[in-house]
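Number of protein chains: 2
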Amino acid sequence: MKHTYLMTPGPSPLAGPVKEALAKDIIHHRTDEFKKILQEAHQGLKYVFSTDNPVLILACSGTGAMEASVSNLLSRNDKALVIVGGKFGQRWKDICSSYGVETVCMEINWGTSPDPKEIERILNDSPDIKAVYTTLCETSTATVYDIKAIASITRDRDVLLIVDAISGLGQDVLKTDEWGVDVVVSGSQKGLMLPPGLSFISLNRKAEVALATSNLAKYYFSLKKALKSYQNDDTPYTPSVSLVVALNESLKIIKEDGLENRWKEFQKIAQATQDALKELGFSIFSKSPSFSVTAAAIEGIDTQAIVKKMRKEYGISIAGGQDALKGKIIRIAHMGYINSQDVIMCLSILEKVLADLGASIEIGSSLKAFQEAYYG
Amino acid sequence: MKHTYLMTPGPSPLAGPVKEALAKDIIHHRTDEFKKILQEAHQGLKYVFSTDNPVLILACSGTGAMEASVSNLLSRNDKALVIVGGKFGQRWKDICSSYGVETVCMEINWGTSPDPKEIERILNDSPDIKAVYTTLCETSTATVYDIKAIASITRDRDVLLIVDAISGLGQDVLKTDEWGVDVVVSGSQKGLMLPPGLSFISLNRKAEVALATSNLAKYYFSLKKALKSYQNDDTPYTPSVSLVVALNESLKIIKEDGLENRWKEFQKIAQATQDALKELGFSIFSKSPSFSVTAAAIEGIDTQAIVKKMRKEYGISIAGGQDALKGKIIRIAHMGYINSQDVIMCLSILEKVLADLGASIEIGSSLKAFQEAYYG
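Residue numbers (the working numbering), protein chains in the order written: chain W, 21 to 396; chain G, 21 to 396.
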């Protein structure tokens, strides 16, 4: 009778119609039939990315698109500001270093969001900074950054703002064009309810201009070539055909729900999840909690034991902490295809596992807290 | 009643069990369950690559693995020999140029295979050449190269031999370790009966040593990191989980058939296909025809019209010529999940389309020729 449930911040569960699409016979990618599919995907992605600009589809996981947004926008010895408040901010720094891009690193405490004033100060002090690399939802700490405020600083300067929205897209509010974000990167296995293997990158006019002068090495990830193919609803290299076909199914779901409705729904789920976890003695780890994933710490219990027990004995996969946070937090995702019922089911098992581990909790208390918060 | 059939040299049709695997619920990639799946895939790939060395799995299409075998093995201003006898040889040259690698380009007529003596002469003349980049099956001309002879020249020199076996692997004979090939690159959507989106790269000891000194920029495609993860049946970045799960199904099929049996079977199919096409007035384009795909030219008929008519009216996708060969050849794949019955079905439609286009052919003649050759 054991079922398995994914409550991890990527991969997250596949939508039903996505699974059906994945099992379809493969079609050739240089045909009118596939061109139409790609065209539909391009349109749907614009909606989810809240942009009228091109959103390119790459056949790789999210890190590949992150790399592309460094290797295509900058040149050797250019200077970039990277904001490091977790594992994925650190990844921006590492990618820049790999390409000989000089980084000004704004280190912030894990679980906090960057102070826009500090970003402004750094940009004033170093007018030679060409790009700011940051994160919508820092998955490792379940923290959402104030991208709107950051964009209000970068948009009228000669600097690009590149946002890793790999885990945040679809749940955490992101108004790319309205706020003036230049580049947004995302992946398939989070809010888009697909298997991993696709990534996406939106480029506004300012970013397109930067493609022309970049002298860093690239081939497979050449965005200049990808953009040229995009104009013709094509790809420079063989695309992940089956994932693109399935993508259109998840885009349909998001369109039908409405992106803004989904943002509101995930906000409600996130806040109810926070209330529920507090009821069980957890503290919410982030000072600026994301709507995509909730991280919570607890005293006196190794959180890795909770994660392991939930997966092994009950089939429920939640995430633990990464790197410095290993053993210190649990992370429960509410993104993509995960809805409020899934979280309630997950909490019921979390309660059981905490009790098994000797914690003194009242069975049912977190579910009640969730319901009270969620139904208002 | 119209069915659709893929007879193109990638993507080629999906095996039945592969389709079922693709529709499965996604599992998390940092679990014992996925580690076991990856371990099985690593073992199975060694068998298909005819090697005891590691075969790394990358989440990208084949070009990404080609790029990785340049950016990880060479350094800026290194010199490489590239053999260009078609579109995919040209790709090696382009990738090298993107990375500031100097290329010695051995241009050969499209449809011919390189003369190993000429390669030996070039290596003797330029002892500073660090690597030879070539192709098992040059898909654009359906030509197989004599990798055994080339490896016999490179194996005892201080030079790496890197073979693009993207379309050839599984059909054209390739004995990686026995012949002394250092690096073999392949992709998922040809002989491996999967959708596009995965690529593979095998590295022998000599190649592993080269990883240490390469100074070209890389991050997502870092083979040093991939190799380190591989030792632990893990991946540095999120893998294409569903494709890896499906890969094990196709590896099972190849193992059950036996790789050598499949080589022999595709040889029979290739030779019967050649006979059949000659019967219809085609000439075989390649002087060294591959077992993976057959290219054939015909006088007085635009081959693009054949390809279009077969696809639009009968649902059968074959390929035309690329670049310089556009309109001049047709290409029929016999790789992966395509078997002799599929080719017979395809020939029957080809006959009908040729007749529709006004060619004077005898209906049934190519099928008979195929059967006679195939059943011996």
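Glycine included, C-beta positions come from ideal geometry on N, C-alpha and C.
List, in chain order, every chain G residue whose beta-carbon is nearer than 8 angstroms to that of Cys80/W. Working through the first sequence from its first residue, we reach residue 80/W at position 60. Those are Ala79, Cys80, Gly84, Tyr240, listed as they occur along chain G.
Just verifying my parser: in three-state terms, what is the DSSP assignment at Pro134/W? Position 114 of the first sequence, counted from the start, is the residue given in the question as residue 134/W. Three-state result, Pro134/W: coil.
Have a look at Cys179/W and Lys150/W and give me their C-alpha separation to the nearest angstrom. By one-based count along the first sequence, residue 179/W stands at place 159. By one-based count along the first sequence, residue 150/W stands at place 130. It is worth fixing the name first, because residue 179/W is Val in this sequence and not Cys. Using only the alpha carbons, I get a separation of about 5 angstroms.
C-beta atoms of Ser306/G and Ala162/G nearer than 7 angstroms: Your numbering for residue 306/G matches position 286 in the second sequence. Your numbering for residue 162/G matches position 142 in the second sequence. In contact: Ser306/G and Ala162/G (Cβ atoms closer than 7 angstroms).
Could you tell me how far apart the beta carbons of Ala41/G and Glu269/G are, in whole angstroms, since I believe they sit closer than 8 angstroms? Numbered from 1 along the second sequence, position 21 holds the residue referred to as residue 41/G. Numbered from 1 along the second sequence, position 249 holds the residue referred to as residue 269/G. Yes, they are in contact, since the Cβ atoms of Ala41/G and Glu269/G sit about 5 angstroms apart, within 8 angstroms.
Taking 8 angstroms as the threshold, find out whether the segment 119-130 of chain G comes into contact with the segment 68-85 of chain G through three or more Cβ pairs. no
Nearest to Glu285/G by alpha carbon, out of Lys66/G, Gly341/G, Gly356/G? Working through the second sequence from its first residue, we reach residue 285/G at position 265. Taking only the C-alpha atoms, the option nearest Glu285/G is Gly356/G.
Starting from the beta carbon of Asp45/W, find every residue of chain G whose beta carbon is closer than 8 angstroms, and list them in chain order. If you number the first sequence from 1, residue 45/W lands on position 25. Neighbours of Asp45/W on chain G, chain order: Thr24, Leu26, Pro33, Leu34, Lys39.
If you check the beta carbons only, do Ser206/G and Leu223/G fall under 7 angstroms apart? The residue you call residue 206/G lines up with position 186 of the second sequence. The residue you call residue 223/G lines up with position 203 of the second sequence. No, they are not a contact pair.
Closer than 8 angstroms between beta carbons: that is the criterion. Which residues of the segment 246-260 of chain W meet it against chain G? Tyr257, Thr258, Pro259, Ser260
Can you confirm whether Tyr67/W, when its beta carbon is compared against all beta carbons of chain G, has any partner nearer than 7 angstroms? Counting from one through the first sequence, the residue named residue 67/W turns up at place 47. Output row for Tyr67/W: interface = no.
Leaving out five residues on either side along the sequence, give the residues of the same chain with a beta carbon under 7 angstroms from the beta carbon of Gln209/W. Locating residue 209/W in the first sequence gives position 189, where the first residue counts as 1. Excluding residues within five positions, the ones whose Cβ falls inside 7 angstroms are Gly30, Pro31, Ser32, Pro215, Pro216.
Out of Lys226/W, Leu387/W, Leu370/W, Val203/W, point me to the one whose CA is closest to Met86/W's CA. On the first sequence, residue 86/W is found 66 positions in, with the first residue counted as 1. Comparing Cα-Cα distances from Met86/W to each of Lys226/W, Leu387/W, Leu370/W, Val203/W, the minimum goes to Val203/W.
Are the segment 105-119 of chain W and the segment 243-262 of chain W in contact at 8 angstroms, needing three or more beta carbon pairs? no
Excluding the five sequence neighbours on either side, which residues of its own chain have a C-beta within less than 8 angstroms of the C-beta of Leu78/G, listed in chain order? Within the second sequence, numbered from 1, the residue matching residue 78/G stands at position 58. Around Leu78/G: Gly84, Ala85, Ala88, Leu218, Ser219, Phe220, Ile221, Phe241, Ala246.
I think Glu299/G touches Ser368/G, with their Cβ atoms under 8 angstroms apart; what is that distance to the nearest whole Å? Start at 1 with the first residue of the second sequence, and residue 299/G comes out as number 279. Start at 1 with the first residue of the second sequence, and residue 368/G comes out as number 348. In fact, because the Cβ distance is near 13 angstroms, the residues do not count as touching under 8 angstroms.
Examine chain W for any beta-carbon lying closer than 7 angstroms to the beta-carbon of Glu87/G, and answer yes or no. For the purposes of this step, residue 87/G is taken as the residue at position 67 of the second sequence. Chain W, which has a Cβ nearer than 7 angstroms to the Cβ of Glu87/G, makes this yes.
Gly109/G: contacting residues in chain W (beta-carbon distance under 7 angstroms): By 1-based counting over the second sequence, the position of residue 109/G is 89. Under the 7 angstroms cutoff, chain W gives no residues; its nearest Cβ is about 15 angstroms from Gly109/G.
Leu143/W to Pro136/W span [Cα, whole Å]: Position 123 of the first sequence, counted from the first residue, corresponds to residue 143/W. Position 116 of the first sequence, counted from the first residue, corresponds to residue 136/W. Distance between the alpha carbons of Leu143/W and Pro136/W is about 11 angstroms.
Could you tell me the distance, in whole angstroms, from the CA atom of Leu243/W to the CA atom of Ser91/W? The count along the first sequence starts at 1 and reaches residue 243/W at position 223. The count along the first sequence starts at 1 and reaches residue 91/W at position 71. Those two C-alpha atoms are separated by around 9 angstroms.
Between the CA atoms of Lys248/W and Ile336/G - distance to the nearest angstrom: Position 316 of the second sequence holds residue 336/G. Position 228 of the first sequence holds residue 248/W. Distance between the alpha carbons of Ile336/G and Lys248/W is about 29 angstroms.
Does DSSP classify Ala169/G as helix, strand or coil? Here residue 169/G corresponds to residue number 149 of the second sequence, with the count starting at 1. Shown here, Ala169/G sits in a helix according to DSSP, grouped into three states.
Compute the beta-carbon to beta-carbon distance between Ala230/G and Leu93/G, rounded to the nearest angstrom, for a pair I have assumed lies under 8 angstroms. As a first step, residue 230/G is located in the second sequence; it is residue number 210 there, counting from the start. As a first step, residue 93/G is located in the second sequence; it is residue number 73 there, counting from the start. Ala230/G to Leu93/G, Cβ: 5 angstroms. Contact.
Between Tyr119/W and chain G, is the shortest Cβ-Cβ distance under 7 angstroms, so that the two count as touching? As a working note, residue 119/W is residue 99 in the first sequence. It does: the Cβ of Tyr119/W has a partner Cβ on chain G nearer than 7 angstroms.
Would you call the segment 181-196 of chain W and the segment 308-320 of chain W touching, i.e. three or more CB-CB distances under 8 angstroms? yes
Within 10 Å of its beta-carbon, does Ile352/G have 16 or more other beta-carbons around it, so buried, or fewer, so exposed? By 1-based counting over the second sequence, the position of residue 352/G is 332. Burial is judged here by how many other beta carbons sit within 10 angstroms of a residue's own beta carbon; Ile352/G has at least 16 and is buried.
From what residue to what residue does the beta strand (DSSP E) around Ile128/W run? Position 108 of the first sequence holds residue 128/W. Unbroken run through Ile128/W: none, as it is neither H nor E.
Within 10 Å of its beta-carbon, does Pro401/G have 16 or more other beta-carbons around it, so buried, or fewer, so exposed? Nothing about residue 401/G can be read from this structure; chain G reaches only from 21 to 396.
Please report how far the alpha carbon of Leu5/W lies from the alpha carbon of Ala35/W, in whole angstroms. The requested residue 5/W does not occur in the structure, where chain W is confined to residues 21 to 396.
Any Cβ of chain G within less than 7 angstroms of the Cβ of Gly384/W? Counting from 1 along the first sequence, the entry for residue 384/W is found at position 364. No, its Cβ sits nowhere closer than 7 angstroms to a Cβ of chain G.
Buried or exposed (CB count within 10 angstroms, at least 16 for buried), Arg141/G: Along the second sequence, one-based indexing puts residue 141/G at 121. Classification of Arg141/G: exposed, given that the 10 Å Cβ count is below 16.
Taking C-beta pairs closer than 7 angstroms, name the residues in chain G that Gln209/W reaches, listed in chain order. As a working note, residue 209/W is residue 189 in the first sequence. Correct list: Thr258.
Have a look at Ala389/W, Ala344/W, Lys332/W and flag the residue whose alpha-carbon is nearest the alpha-carbon of Asn129/W. By one-based count along the first sequence, residue 129/W stands at place 109. Per the Cα distances, Ala344/W.
Neighbouring residues, chain W, relative to His48/G (Cβ below 8 angstroms): Taking the second sequence and counting its residues from 1, one reaches residue 48/G at position 28. Chain W residues near His48/G: Leu26, Thr28, Pro31, Ser337.
Exposed or buried, what is Gly105/W when buried is set at 16 or more other beta-carbons lying within 10 Å of its beta-carbon? Here the question's residue 105/W lines up with position 85 in the first sequence. Gly105/W should be labelled buried.
Cβ of Gly340/G less than 7 angstroms from any chain W Cβ? Along the second sequence, one-based indexing puts residue 340/G at 320. Output row for Gly340/G: interface = no.
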